[in-house]
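K.L.:
Under the working numbering, the first residue of the sequence shown is numbered 35, with each subsequent residue one higher. Note that CB positions come from ideal geometry on N, CA and C, so glycine has one too. The structure's right below; bear with me while I get my questions together.
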Amino acid sequence: MRTKSLIGNPLLLFALLAAALLAAEAWITGTADFAAHPEVLSLAVTADIVVAIPLLYYLLVVRRKRLPVITVAPVFVLSLIVAGKILPAAQHTYLDYAELVAPLVELSVLVVIALKLRTVAGHYRRLRPSHAYFPETLEASLRAAVPTFPPLVASLLTTEVSLISFGVTGWVRRTRHADDGRPRFSYHRQGGYAFVLGFLAFLVLLETGVAHLLLARWNTTVAWILTIASIYTLIWFFGDFHASRFQPMVAGDDRLHVRSGMRWRADIPWQQIEVVRRATSADRKQPDFLNAAIMGEARLVIVLREPATVHGLLGRTKETAHIGVSVDDEAAFLAAVNGKLAAADCLTGLSALQ
């Protein structure tokens, strides 16, 4: 059973084999034979770490997972660092030769990344008209440019880039939506989200400043790490807020696009929606109830005929038939949604008659 588990998890298998190989090489460098024949054995140890480990990663992980070959580069660089720690300082001759390859590897990585970014940009421009939201367009562009990207990696990368983009540029970017006649409904004003976020930012900046001054007396590096981490956290919060501004809910022709900043998203066909109404305490007590309100309790609930998948941050998903939402103009939202539902029911009825 354990053998099958290892075979089914190539990354874990690689990690175990690499760890065993490194342990063996570390043991070899401490033996009397190594001291007697340092030139020959240092070459063997260098080759085992710098060549064998990246090759092992390629064979076990890259080929089986169909990952981009470029992912071997960080493993190679890491193997150089580990080899430098294992080999005695006097036996770095062959390692120094191997390190001459590192700049070429780094340059190759930069070139590949630049080419991929250009490809992603091309796919983004092509896909943008058919997608209502920036994160979904970016993720679709990434998957089109790099088909071997695991879905989770593409989702994580999309989340990071989107949050940073919204958090940094959201202050100067204007809210622009396509004039396609589809009703759009904002939800970022309800619940005092902007006020709460502003107060939280004030506290974080104040505490970070004080903590930085105190920690700097002990360790400047730790102080700056804490400060950068705090600023990055604020960018995340601001990114979510601006995402709620730039990503309204949209009553599309064939589906309802539900959004909650960067936290939750779902695109639900009208035929799958049973009813949209004001939420009750009974709704909130449903085992699968998802509160997708940007702040506080959801005031409305979307009841589905069958559970649907709602996508969250960092690849998270939830199956639910009860989605709680809040919008700034509830009356207009309910009127538009109920109109779409009535039209969908009419189409369903006509299809049944035919």
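If you run the structure through DSSP and keep just helix, strand and coil, what is F236?
P.N.:
As a first step, residue 236 must be located in the sequence shown, where it is residue number 202. Correct three-state label for F236: helix.
K.L.:
Leaving out five residues on either side along the sequence, give the residues of the same chain with a beta carbon under 6 Å from the beta carbon of G273.
P.N.:
Counting from one through the sequence shown, the residue named residue 273 turns up at place 239. If we look at G273 and ignore the five residues flanking it on each side, its Cβ neighbours are L197, F200 and G201.
K.L.:
Using CA atoms only, rank isn't needed, just tell me which of Q281, L121 and E353 is closest to V361.
P.N.:
Numbered from 1 along the sequence shown, position 327 holds the residue referred to as residue 361. Nearest C-alpha to V361: Q281.
K.L.:
Hey, is the region 134-145 in contact with the region 97-110, meaning 3+ C-beta pairs nearer than 8 Å?
P.N.:
Short answer: they touch.
K.L.:
So what's T182 in DSSP terms, helix, strand or just coil?
P.N.:
Position 148 of the sequence shown, counted from the first residue, corresponds to residue 182. Of the three classes helix, strand and coil, the one that applies to T182 here is coil, per DSSP.
K.L.:
Where does the unbroken alpha helix (DSSP H) through S294 begin, and where does it stop?
P.N.:
Indexing the sequence shown from 1 puts residue 294 at position 260. Per DSSP, S294 belongs to no alpha helix (DSSP H); it is in the beta strand (DSSP E), R289 to S294.
K.L.:
If we cut at 8 Å on Cβ distances, does T254 have a partner in chain B?
P.N.:
Note that chain B does not occur in the displayed structure, where there is just one protein chain.
K.L.:
Do you know offhand how far E364's Cα is from F219's?
P.N.:
Position 330 of the sequence shown, counting from 1, holds the residue named residue 364. Position 185 of the sequence shown, counting from 1, holds the residue named residue 219. Going by the C-alpha atoms only, they are around 9 Å apart.
K.L.:
Measure the C-alpha to C-alpha separation of T255 and E353 and round it to an integer number of angstroms.
P.N.:
In the sequence shown, counting from the first residue as 1, residue 255 sits at position 221. In the sequence shown, counting from the first residue as 1, residue 353 sits at position 319. Cα to Cα, T255 sits roughly 44 Å from E353.
K.L.:
Exposed or buried, D301, counting other C-beta atoms within 10 Å across all chains shown (16 or more means buried)?
P.N.:
Here residue 301 refers to the residue found at position 267 of the sequence shown. So D301 ends up on the buried side.
K.L.:
May I ask you to report which of helix, strand or coil DSSP gives P28?
P.N.:
In the structure as shown, the chain starts at 35 and stops at 388, and residue 28 therefore has no counterpart that could be examined.
K.L.:
So who's on the other strand from D301, going by DSSP bridges?
P.N.:
For the purposes of this step, residue 301 is identified with residue 267 of the sequence shown, where counting begins at 1. According to DSSP, which records beta bridges pairwise, D301 is partnered with H291.
K.L.:
May I ask you to report which of helix, strand or coil DSSP gives D339?
P.N.:
Walking along the sequence shown from the start, residue 339 turns up at place 305. What sits at residue 339 in the sequence shown is Arg, not Asp. Here R339 sits in strand by DSSP.
K.L.:
Starting from V74, trace the alpha helix (DSSP H) in both directions and tell me its first and last residue.
P.N.:
Looking up residue 74 in the sequence shown gives position 40. That run of the alpha helix (DSSP H) goes P72 to A81.
K.L.:
Can you tell me whether R177 sits near the ligand NAP, meaning its C-beta is under 7 Å from at least one heavy atom of the ligand?
P.N.:
Ligands displayed in this structure: none; no statement on the ligand NAP is therefore possible.
K.L.:
Who are the Cβ neighbours of H356 in its own chain at under 8 Å, not counting the five residues just before and after it?
P.N.:
For this step, residue 356 is matched to residue 322 along the sequence shown. D317, Q320, D322, F323, L324, V335, I336, V337 and L338.
K.L.:
With DSSP run on the structure shown, which of helix, strand or coil describes A313?
P.N.:
By 1-based counting over the sequence shown, the position of residue 313 is 279. Correct three-state label for A313: coil.
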